[in-house]
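Under mature numbering (1 follows the signal peptide of the UniProt record, and there is no 0), the residues of the sequence shown are numbered -21 to -1, 1 to 281, in order. The beta-carbon is built from N, C-alpha and C at its ideal position, and this holds for glycine as well. Quick caveat, the model's predicted, so the values are computed rather than measured.
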Amino acid sequence: MRKITLLLLVIATASLTGAVAKGKKCEAQKAKYVVLIGSDGFSSDVVRAHPGAFPNIEALMKNGSYTLERRSVLPSSSAVNWASMLMGAGPELHGYTTWGSQVPDLPSRVIGKYGLFPGICGAIRDARPDAVMACGYNWPTIGCLYEQKAVNINSNVPSDPALADSMCLYIGREKPLFTFIAFGEPDETGHRCGWESDEYFEMCKQIDGYVGKIMETLEKNDMKDDAIVFFTADHGGTGKGHGGISMKEMETPFVVCGKGIKQGHEIPESVMVFDCAPTIGHIFSIDQPQVWIGRPVMSVFE
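Here it is, written out as structure tokens:
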């Protein structure tokens, strides 16, 4: 009799555990669509210095969660930080260490089945084999920093305006589960004119306009209410350069807005560039690769 009772208890406990786990997985599926917008060289300093100048980005901040203290990995340069953003780890593990790395400068600690260090695109593809994903950029190096083989649409276009137009077209036509858009500015303007220049400020305002256009596209195609949108950058800058250890170079906005995201919430905890991929993974209830060191930014969720 004791054996029968114990067996029934084990079965009941297993059933309850399975139900709870299933429930947690469903709860963790936060939204149907995720759009990650990145802007090369967009510093937190320009947002602090010009309140009210970026209506679309500031609307995401007001209606979502944000920090202006998100830090880059070192060096505070482009390829190393774009890789960290998409790969959930720093250069010590993924191996991309310089501003223009197109292949790992150090051997990647792990090579995934798509031929690169495991990133968010491959993780989504493995968990959602039928998902549509679209990635667009206008700096060719970006195409070396994510698993293109896992993505349906890989768009390399010549300019930011063309990138905004093409990616809005893909969003409306394909309704991707995950969309990644990497604008090349205002980095180029910062190098040419300076991060504190009027020209840099005006270019940041143009990026804000592209963010507004993407949000309009989501709303027009009945996607906005079931979407989460990120806005962030790889690094900031000072003078006419970056790569050093000043806060102007290392701090960029990290803004999350959409379904199930706290509104008007300034993120209190530390956020690093490599926390982006794990946060997206959490939205889709995707198990994090063991080699990732980033953490989901949990305080943004209601």
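- Item | CB-CB length for residue 183 against residue 165, believed under 8 Å | In the sequence shown, counting from the first residue as 1, residue 183 sits at position 204. In the sequence shown, counting from the first residue as 1, residue 165 sits at position 186. Residue 183 to residue 165, Cβ: 5 Å. Contact.
- Message: According to DSSP, is residue 339 part of a helix, a strand, or is it coil?
- Response: Residue 339 lies beyond the range of the chain shown here (-21 to 281); nothing can be said about it.
- Message: So residue 241 and residue 279 are supposed to be a Cβ contact under 8 Å. How far apart are they, rounded?
- Response: Start at 1 with the first residue of the sequence shown, and residue 241 comes out as number 262. Start at 1 with the first residue of the sequence shown, and residue 279 comes out as number 300. So it is a contact: roughly 6 Å between Cβ atoms.
- Message: So for residue 145, helix, strand or coil by DSSP?
- Response: Here the question's residue 145 lines up with position 166 in the sequence shown. The three-state secondary structure of residue 145, taken from DSSP, is helix.
- Whole angstroms is fine: what's the gap from residue 169's alpha carbon to residue 78's? Within the sequence shown, the letter at position 190 stands for residue 169. Within the sequence shown, the letter at position 99 stands for residue 78. Distance from the CA of residue 169 to the CA of residue 78, rounded to the nearest whole angstrom, comes to 15 Å.
- Beta-bridge pairing of residue 15 - partner residues as DSSP gives them: As a first step, residue 15 must be located in the sequence shown, where it is residue number 36. Per DSSP, 159, 209.
- Query: Touching or not, the segment 64 to 74 and the segment 218 to 226, by the rule of three or more beta carbon pairs under 8 Å?
  - Reply: Result no; under three Cβ-Cβ pairs closer than 8 Å.
- Task: For residue 277, count neighbouring Cβ atoms within 10 angstroms of its own Cβ and tell me buried if that reaches 16, exposed if not.
- Result: The residue labelled residue 277 in the question sits at position 298 within the sequence shown. Answer is exposed; the Cβ neighbour count stays below 16.
- Task: Report buried or exposed for residue 106, applying the criterion of at least 16 other Cβ atoms within 10 angstroms of its Cβ.
- Result: The sequence position of residue 106 within the sequence shown is 127, counting from 1. Answer is exposed; the Cβ neighbour count stays below 16.
- Query: Ordered along the chain, which non-local residues of its own chain (more than five positions away) have a Cβ less than 6 Å from that of residue 85?
  - Reply: As a working mapping, residue 85 is identified with position 106 in the sequence shown. These residues qualify, in order along the chain: 74.
- When the Cα of residue 148 is compared with those of 130, 11, 137, 113, which residue comes out closest? Position 169 of the sequence shown, counted from the start, is the residue given in the question as residue 148. The option with the nearest alpha carbon to residue 148 is 113.
- What is the DSSP secondary structure of residue 280, reduced to helix, strand or coil? Here residue 280 corresponds to residue number 301 of the sequence shown, with the count starting at 1. If DSSP states are grouped into helix, strand and coil, residue 280 belongs with the strands.
- Task: Can you give me the Cβ contacts of residue 6 inside the same chain, cut-off strictly under 6 Å, excluding the 5 residues immediately before and after it?
- Result: By 1-based counting over the sequence shown, the position of residue 6 is 27. Its pLDDT being 49, under 50, residue 6 is placed unreliably by the model, and nothing is read from it.
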